[in-house]
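Chains as they are written, first to last, in this note's numbering: chain A, -13 to 414; chain B, 97 to 282.
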Ligand code: FES
Ligand SMILES: [Fe+2]
């Protein structure tokens, strides 16, 4: 290709080329350099509790079946028949003993092993079925119930990969005595945007709220976000934004979920439930993290998390200009069913395909792709320099910390992105 | 149980049509504040999400095997519907349309909907269960032109001056959500 990766991201990542967002050769390198080499989010253990349970997932554009084997272990296999390649699983989720391929009815166990070849009895030399199972994702690990897979056999452990991000994730996960669970099938929304923009947005772009969402987010709420807001990068590509509430903040102003619609419309029962969680927070996550009121998080390369509008999201690329954006409502696992049903609206009212905020985000993400796909402007890369060099270590929190207007989260993301692509560049 | 609708007089059918055609015209004319007046204050507005389900082997040979009800994660499910809204959220959406900083509606979408197959399915003392289908054409600068298709399952309250909507469940006919937003009024 005519481009080299070095030309797309400058030394301090304060200038980012339009081609990063729109070029198909760059996208091919992203597949190998990033999606072939990273830990990618597959699903949550609450979705596959019983032997035989399965859900669909994707690793970039590759379809995956994530399942609980009859032995109780977790399996991830590529959803493609070893005979002619058809997907052998068509349901979003379910429970089964066998996946049967429609074309010639080869059947696979829920662990991905090839069990039967109907035509086998008619031929003399029998195929070796042990070599013909579904292709297994070579590395699968989970942390706090979150299951990840990697195509890179030699990748570092998931624990090390998440690194200090676990400190911030635990500010959420550890708040709940029984952990969290995912509700239902993900909403799968196709948006004409590049996969990196939803990621960048949730990784640290808090300040667009006051602008893009000013019709919905009250100015005072946004000012408070900016005043108390912190942006953190633990490892390039991983980041968290949150408000750190002052000591002695009233419980209703700090408790998780209290500011979202579930609590607002759900009345006393929901509010008391949320106060109860917050009452234990100090003991469970310590004083500092009990005062954290999260905004958005990102895990490299394409997993995002929303704190109040509680949701996990994955940005699955479908080419440079298309993304299949998956999102799940997440609730405390031990909440009564009626409370879970109310809390899921924290997500669905404001985010996801019907979300009153995300309909604004998705529109600008699509517009950004249009702008990135134009000609005659390659000498005008995007400006990513806000707050350059202003991030600093913090005495009490891991990572580099700054104000939310500092775009260092995006510069770090693109520095890692550049390294990952350069590592495979020239080997197309 | 009969799958037929309730037998209605031409006048009664005409009343329902008049209500739904008026509603469609208000929405296509972007008169959302007037549309709000067609809603009961305790309205429930639901859009179930639609999933690809595993077929139940034991139901084979029966119509129930592929009933669309199995595909819906609605209000009572432990999945996640797209929308579960009351009057306040609907009002928030309606009022948002008239703010100059509602960027994603600037310029606003051009919509045209055809509502048909209006069937009265049950009638109580003052409530009616009504089904209707719609096709909604949607065009917005910067976006693809889109056709939304779906069914509305309404509970209407009859009043002296017509009807008001107490409950609406919208069953959307999508496979993947290749639609710019599910945040419209259907
Ligand atoms: S393609 Fe799967 S059995 Fe032939
Ligand atoms: Fe946003």
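Using N, Cα and C, we set each Cβ at its ideal position, and we do this for glycine too.
Where DSSP assigns a beta bridge to residue 94 of chain A, which residues make up the other side?
-> Translated into positions along the first chain, residue 94 of chain A becomes position 108. Per DSSP, A:85, A:100.
Determine the direct distance from the alpha carbon of residue 336 of chain A to that of residue 300 of chain A, and round the result to whole angstroms.
-> Stepping through the first chain from its first residue, residue 300 of chain A is reached at position 314. Stepping through the first chain from its first residue, residue 336 of chain A is reached at position 350. Spanning the two alpha carbons is a distance of roughly 17 Å.
Give the straight-line distance between the Cα atoms of residue 183 of chain B and residue 139 of chain B, rounded to the nearest whole angstrom.
-> One-based indexing of the second chain puts residue 183 of chain B at position 87. One-based indexing of the second chain puts residue 139 of chain B at position 43. Straight-line Cα distance between these residues: approximately 6 Å.
Can you find a C-beta in chain A that's less than 8 Å from the C-beta of residue 179 of chain B?
-> Counted from its first residue, the second chain places residue 179 of chain B at position 83. Interface residue, yes.
Just reading off the alpha helix (DSSP H) that residue 259 of chain A is part of, what are its end residues?
-> Reading the first chain from its first residue, position 273 is the one you call residue 259 of chain A. Counting along the chain, the alpha helix (DSSP H) containing residue 259 of chain A begins and ends at 247 to 276.
Please confirm if residue 165 of chain B has its CB atom under 8 Å from at least one CB of chain A.
-> Residue 165 of chain B sits at position 69 when you count from the first residue of the second chain. Answer no: the Cβ-Cβ gap between residue 165 of chain B and chain A never drops below 8 Å.
Own chain, CB closer than 6 Å to residue 136 of chain A, minus 5 neighbours either side, in chain order | Taking the first residue of the first chain as 1, we reach residue 136 of chain A at position 150. Counting only Cβ-Cβ distances below 6 Å, and skipping sequence neighbours, we find 25, 125.
Meets three-Cβ-pair contact criterion under 8 Å: the stretch 127 to 141 of chain A and the stretch 1 to 13 of chain A = no
Could you give the distance in angstroms between the alpha-carbon of residue 161 of chain B and the alpha-carbon of residue 152 of chain B?
-> To locate residue 161 of chain B, count along the second chain from 1; it is residue 65. To locate residue 152 of chain B, count along the second chain from 1; it is residue 56. Going by the C-alpha atoms only, they are around 6 Å apart.
Alpha-carbon spacing of residue 117 of chain A relative to residue 92 of chain A, whole angstroms = Within the first chain, the letter at position 131 stands for residue 117 of chain A. Within the first chain, the letter at position 106 stands for residue 92 of chain A. Roughly 14 Å separates the two Cα atoms.
Who does residue 279 of chain A pair with in a DSSP beta bridge?
-> The residue labelled residue 279 of chain A in the question sits at position 293 within the first chain. A:229, per the DSSP bridge assignment.
What beta strand (DSSP E) runs, 3 residues minimum, are completely inside the stretch 164 to 220 of chain A?
-> 166 to 177, 215 to 219
Using a C-beta cutoff of 8 Å, does residue 80 of chain A count as contacting chain B?
-> Translated into the one-based positions of the first chain, residue 80 of chain A becomes position 94. It does: the Cβ of residue 80 of chain A has a partner Cβ on chain B nearer than 8 Å.
Quick one: what does DSSP say residue 244 of chain A is sitting in, helix, strand or coil?
-> Numbered from 1 along the first chain, position 258 holds the residue referred to as residue 244 of chain A. Looking at residue 244 of chain A - three-state DSSP - the assignment turns out to be coil, as it is neither helix nor strand.
Secondary structure, beta strand (DSSP E): runs of 3+ residues fully inside the stretch 120 to 180 of chain B = 135 to 143
Exposed unless 16 or more other CB atoms sit within 10 angstroms - verdict on residue 407 of chain A = Within the first chain, residue 407 of chain A is the residue found at index 421, counting from 1. Burial call: buried.
For residue 245 of chain B versus residue 231 of chain B, is the C-beta spacing smaller than 8 Å?
-> The count along the second chain starts at 1 and reaches residue 245 of chain B at position 149. The count along the second chain starts at 1 and reaches residue 231 of chain B at position 135. For residue 245 of chain B and residue 231 of chain B, yes; Cβs fall inside 8 Å.
Measure the C-alpha to C-alpha separation of residue 343 of chain A and residue 57 of chain A and round it to an integer number of angstroms.
-> Position 357 of the first chain holds residue 343 of chain A. Position 71 of the first chain holds residue 57 of chain A. Using only the alpha carbons, I get a separation of about 43 Å.
Is there at least one non-hydrogen atom of ligand 1 closer than 7 Å to the beta-carbon of residue 263 of chain B?
-> Sequence index remark: in the second chain, residue 263 of chain B carries index 167 (1-based). No, Cβ of residue 263 of chain B sits at least 7 Å from all heavy atoms of ligand 1.
Quick one, what's near ligand 1 if you take every residue whose CB is closer than 7 Å to any heavy atom, in chain order?
-> A:67, A:69, A:70, A:71, A:72, A:74, A:87, A:89, A:90, A:91, A:92
So does the stretch 250 to 258 of chain B actually touch the stretch 268 to 279 of chain B, counting three or more Cβ pairs closer than 8 Å?
-> no
Please list the residues of the stretch 162 to 192 of chain A that have a C-beta atom closer than 7 Å to any C-beta atom in chain B, keeping them in chain order.
-> 169, 170, 171, 173, 174, 175, 176
Proximity test, Cβ basis, 8 Å: residue 254 of chain A and chain B = Residue mapping note: residue 254 of chain A aligns to position 268 of the first chain, counting from 1. No, its Cβ sits nowhere closer than 8 Å to a Cβ of chain B.
Taking Cβ-Cβ distances shorter than 9 Å, what residues in chain A pair up with residue 272 of chain B?
-> Taking the first residue of the second chain as 1, we reach residue 272 of chain B at position 176. Under the 9 Å cutoff, chain A gives 174, 175, 176, 310.
Using the DSSP secondary-structure output, state which residues sit across from residue 51 of chain A in a beta bridge.
-> Here residue 51 of chain A is taken as the residue at index 65 of the first chain, counted from 1. A:42, A:63, per the DSSP bridge assignment.
Name the DSSP bridge partner or partners of residue 234 of chain B?
-> For the purposes of this step, residue 234 of chain B is taken as the residue at position 138 of the second chain. Partner(s): B:207, B:242.
State the DSSP-derived secondary structure class of residue 270 of chain B, mapped to helix, strand or coil.
-> Here the question's residue 270 of chain B lines up with position 174 in the second chain. If DSSP states are grouped into helix, strand and coil, residue 270 of chain B belongs with coil.
With distances taken between CB atoms, is the gap from residue 284 of chain A to residue 188 of chain A smaller than 8 Å?
-> On the first chain, residue 284 of chain A is found 298 positions in, with the first residue counted as 1. On the first chain, residue 188 of chain A is found 202 positions in, with the first residue counted as 1. Yes; because the gap between Cβ atoms is below 8 Å, this pair is in contact.
What are the residues that DSSP puts in a beta bridge with residue 315 of chain A?
-> For the purposes of this step, residue 315 of chain A is identified with residue 329 of the first chain, where counting begins at 1. Answer is A:169, A:297, bridged to residue 315 of chain A.
Does DSSP put residue 394 of chain A in a helix, in a strand, or in coil?
-> The residue labelled residue 394 of chain A in the question sits at position 408 within the first chain. Note: residue 394 of chain A maps to helix in three-state DSSP.
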